[in-house]
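First up is the structure itself, then whatever we jot down about it.
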Amino acid sequence: MKTKRMATDSILAAICTVLALLAIDTGTMKITFESLPVLLGAILFGPFDGAIIGALGTFLYQILKFGITATTVLWILPYIACGLIVGYYSKMHKFSLSKNQLLIIILIAELTITGFNTLALYVDSKIYGYYTPTIISAMIFWRLGIAIAKSFAFTFVLPPVIKVGNKYGK
1 MKTKRMATDS ILAAICTVLA LLAIDTGTMK ITFESLPVLL GAILFGPFDG AIIGALGTFL
61 YQILKFGITA TTVLWILPYI ACGLIVGYYS KMHKFSLSKN QLLIIILIAE LTITGFNTLA
121 LYVDSKIYGY YTPTIISAMI FWRLGIAIAK SFAFTFVLPP VIKVGNKYGK
């Protein structure tokens, strides 16, 4: 891996951590934009970089916010999956995605993150006893709605950033 790309991955992982720390926390739900740098890295550089950015950024957030817990890995996996899915799709399309392709893959990634995070929340709540399955079930529709809204927002925000990344980042 080239030094410039490794530095870019590190910066994106740091941004991922900061965005996670700046999440909007409603008490029962957390709205975060930490997937944005994971998506960007995966679209620009592929699955390996996307997974590394997701793993490192989310790991740092977990350590800073909660320390190491029994479910730390479960909270990191969604962002690794996001990086892999988006990265493979982008690589398969030679790193050139139309707006529709971008929307579809971001939507798939956000729904994957939401699904994994809901599972992690369920396991976490069983271990530590803070939510009931009923509350988690009731939140799923809100969580899916937020994932869909974020997908549209990211599809609007990412193309100019990708354009700059393609020009200077590779």
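Here this note's numbering is used: the first residue of the sequence shown is 1, the next is one more, and so on. Note that CB positions come from ideal geometry on N, CA and C, so glycine has one too.
For L64, same chain residues with a beta-carbon under 8 Å away, outside a window of 5 residues either side, are T17 and L21 in chain order.
Here I68 carries a coil assignment [DSSP, helix/strand/coil]. A residue is called buried once 16 or more other Cβ atoms fall within 10 Å of its Cβ, and G145, having fewer, is exposed.
For A147, the enclosing alpha helix (DSSP H) covers residues P133 to Y168. Excluding five sequence positions before and after A13, the CB atoms of its chain that fall closer than 6 Å to its own CB belong to I53, L56 and G57, given in chain order. Taking C-alpha positions only, K99 is separated from P160 by approximately 11 Å. Contact fails between the stretch 83 to 98 and the stretch 128 to 139, because fewer than three Cβ pairs, one in each stretch, are under 8 Å apart. Per DSSP, the beta-bridge partners of I24 are I31.
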